[in-house]
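> Going by the numbering used here, the first residue of the sequence shown is number 9, and it counts up by one from there.
Beta carbons are placed, not taken as given, at the ideal position from N, Cα and C, and that holds for glycine.
Could you have a look at this structure, given as structure tokens, before my questions?
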Amino acid sequence: MARAPFITFEGVEGAGKTTLARSLADWLQRQGTSVLLTREPGGSDLGKQLRPMILNQPLDAYTELFLLLADRRQHTLQRILPALEQGIWVLCDRYADSTLVYQGYGRGLDLDLLRYLNTLATNALCPDLTVLIDLPVEIALTRANDPNRFEAEAAEFHERIRAGYLREAANAPDRYVILSGTETPETLLANLQAVIQQRFLNLQQENPVAGRITE
Ligand code: TMP
């Protein structure tokens, strides 16, 4: 069986990626496609314990990076790769691009080092599609509702995040699709469905795995 699609969702806080990932998972499932909907940080058993520390505890930038990478490697080896190999689509709310953008453009760590460490952490797994929801920072921050160390950063930090995503998307235009977070959730989903249809479903004659969502 061919490996199933691996789709990641990225964007500034409050962009709407979590809602969009869930809506896409529901839509795929209704068509009989099996989906693993997961997230980082916190996708692995280890990561569930690390997540509150990463989000809430004051950390040195490298310590933060190593905890994120530890979760990513466990998550990739234990959950993402096995699912993809079984033909289960994986939708992941943040993945390696978040590290490039937050720890690189945001915290100022070296981008080449981060690319190298991401390759190690992911076993060189690269998403087939990365959905970037772009949104002006001033709108995003009014929507963000999960007070944590990242959300508490100054507006300039979030501007670097937004610009970093747009630069990474420009560097990999075949992998990224950019959607506007100013659209309604319904329009965002419809726009993404069109991309998914064109990229994946037209090629897929049949799906042998019965539909279910795993979280
Ligand atoms: P979330 O709010 O989308 O669940 O993400 C939690 C925070 O973790 C978000 O502010 C971005 C941050 N983060 C990083 O800084 N680097 C990473 O590699 C990941 C996965 C998340």
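By the DSSP assignment, the alpha helix (DSSP H) with I88 in it spans what residues?
First-last for I88: undefined, no H or E at that position.
> Just tell me which of E194, T27, A10 and G114 has its CA closest to the CA of A152.
Checked all of E194, T27, A10 and G114; the closest Cα to A152 is T27.
> With a threshold of 7 Å (Cβ to nearest heavy atom), would F208 be considered close to the ligand TMP?
Flag unset: Cβ of F208 not near the ligand TMP.
> Nearest-angstrom Cα distance between D34 and F158?
Spanning the two alpha carbons is a distance of roughly 29 Å.
> Between C100, E146, A23 and R81, which has its C-alpha nearest T127's C-alpha?
The residue with the shortest Cα to Cα distance from T127 is R81.
> Between which two residues does the alpha helix (DSSP H) containing I169 stretch?
Per DSSP, I169 belongs to the alpha helix (DSSP H) from A163 to N179.
> Below 8 Å between beta carbons: does that hold for N64 and N156?
Their beta carbons are under 8 Å apart, which means N64 touches N156 by this criterion.
> Leaving out five residues on either side along the sequence, give the residues of the same chain with a beta carbon under 7 Å from the beta carbon of E93.
For E93, where only same-chain residues beyond five positions count, the Cβ hits under 7 Å are R11.
> What separation, rounded to the nearest whole angstrom, lies between the Cα atoms of P216 and L89?
Interpretation of P216 is limited by its pLDDT of 46, a score under 50 that renders its predicted location unreliable; the figure taken from the coordinates is listed afterwards. Cα to Cα, P216 sits roughly 18 Å from L89.
> With a threshold of 16 other CB atoms inside 10 Å of the CB of R170, please say whether the residue is buried or exposed.
With 16 or more Cβ atoms within 10 Å of its Cβ, R170 is classed as buried.
> Taking the straight line between their C-alpha atoms, what separation do you get for G172 and D101?
When rounded, the distance between both Cα atoms is 18 Å.
> On the CB-based measure, 16 or more other CB atoms within 10 Å of its CB, does E214 come out buried or exposed?
Confidence at E214 is low in this model, with a pLDDT of 48, below 50, so the placement of that residue is unreliable and no value is reported for it.
> Assign A132 to buried or exposed, taking buried as 16 or more other Cβ atoms, counted over all protein chains shown, within 10 Å of its Cβ.
Exposed, by the Cβ-count rule.
> Run the proximity test for L32: is its beta-carbon closer than 7 Å to any non-hydrogen atom belonging to the ligand TMP?
No, the Cβ of L32 stays beyond 7 Å of every heavy atom of the ligand TMP.
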